[in-house]
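Residues in the sequence shown are numbered consecutively from 0, following numbering that gives the first Met the number 0. For glycine and all other residues, C-beta sits at the position ideal for the given N, C-alpha and C. Just so you know, these numbers come straight off a predicted model, no measurement behind them. Right, one structure below, let's go through it.
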Amino acid sequence: MLHLTPLERALDRLKEGWTRHLAQPDDEQLRDGLIQRFEFTYELSHKTLKRFLEANSASPEEYDRMGFPDMIRSANEAGLLRSAWPQWSVFRKMRNLTSHTYNEATAKQVVATIPDFIAESEFLLATLKERTT
0 MLHLTPLERA LDRLKEGWTR HLAQPDDEQL RDGLIQRFEF TYELSHKTLK
50 RFLEANSASP EEYDRMGFPD MIRSANEAGL LRSAWPQWSV FRKMRNLTSH
100 TYNEATAKQV VATIPDFIAE SEFLLATLKE RTT
């Protein structure tokens, strides 16, 4: 059985961080925490999505060999995602930039994608809940 609680909790924490960031946008410590929450929510979204696809596939091992863009395309074709690869490639790029958040411009760039990522993750979580219950 696919456990969605970790993704749900991570998403809740990301949304909480976003709300706090909106109230105090100049607080760098809050921003850094928000970026970290984005990072772990992204990772959990990716891992949970892969587990779901594997669990519902006639040949789960194909997802071990599949690259991330192809996995996103498969998930999108299955109706699990709100957005296609171009948007997810932005999220992936931002995730890869999270180690460079000491750079003000980079940190702001990562933070700017968080609202879209929240909407995408909410859609993914709701869809997975529908399909696993």
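- [ ] Put Glu76 into one of helix, strand or coil per three-state DSSP.
- [x] In the three-state reduction of the DSSP assignment, Glu76 falls in the helix class, which pools H, G and I.
Task: Rounded C-alpha distance that separates Glu61 from Arg72 - done: Looking at the two C-alpha atoms, the distance is approximately 14 angstroms.
TODO: Enumerate in chain order the residues of its own chain whose CB-to-CB distance from Leu124 is below 7 angstroms, with the five nearest sequence positions on each side excluded.
DONE: In its chain, beyond the 5 residues on either side, Leu3, Leu6, Glu7 and Leu10 have a beta carbon closer than 7 angstroms to the beta carbon of Leu124.
Open item on the list: Less than 8 angstroms between the beta carbons of Lys117 and Leu13, yes or no?
Closed with: For the record, residue 117 in the displayed sequence is Ile; it is not Lys. Yes, they are a contact pair.
Open item on the list: Taking the alpha helix (DSSP H) that Glu60 belongs to, which residues open and close that run?
Closed with: Neither: Glu60 is in no alpha helix (DSSP H) and is coded neither H nor E.
- [ ] Measure the alpha-carbon distance for Trp87 versus Thr97 and round it to whole angstroms.
- [x] The straight-line gap from Cα to Cα measures roughly 15 angstroms.
Open item on the list: I'd like to know whether the C-beta atoms of Leu48 and Ala83 end up nearer to each other than 8 angstroms.
Closed with: The answer is no: Cβ separation not under 8 angstroms.
Task: Of the listed residues Glu38, Trp17 and Asp63, nearest to His99 (C-alpha basis) - done: Taking His99 as reference, the option from Glu38, Trp17 and Asp63 with the minimal CA-CA separation is Glu38.
Open item on the list: Applying the 10 Å Cβ sphere with the 16-neighbour rule, what's the burial state of Gly66?
Closed with: Classification of Gly66: exposed, given that the 10 Å Cβ count is below 16.
Open item on the list: Mapping the DSSP letters down to three states, classify Thr18 as helix, strand or coil.
Closed with: Under the three-state reduction of DSSP output, Thr18 falls in the helix class.
- [ ] Assign Arg30 to buried or exposed, taking buried as 16 or more other Cβ atoms, counted over all protein chains shown, within 10 Å of its Cβ.
- [x] Buried is the call here.
Open item on the list: Please give the ranges of any alpha helix (DSSP H) in the stretch 17-56, keeping only runs that are unbroken, at least 4 residues long and fully inside the region.
Closed with: Within the stretch 17-56, the complete alpha helix (DSSP H) runs of at least 4 residues fall at 27-54.
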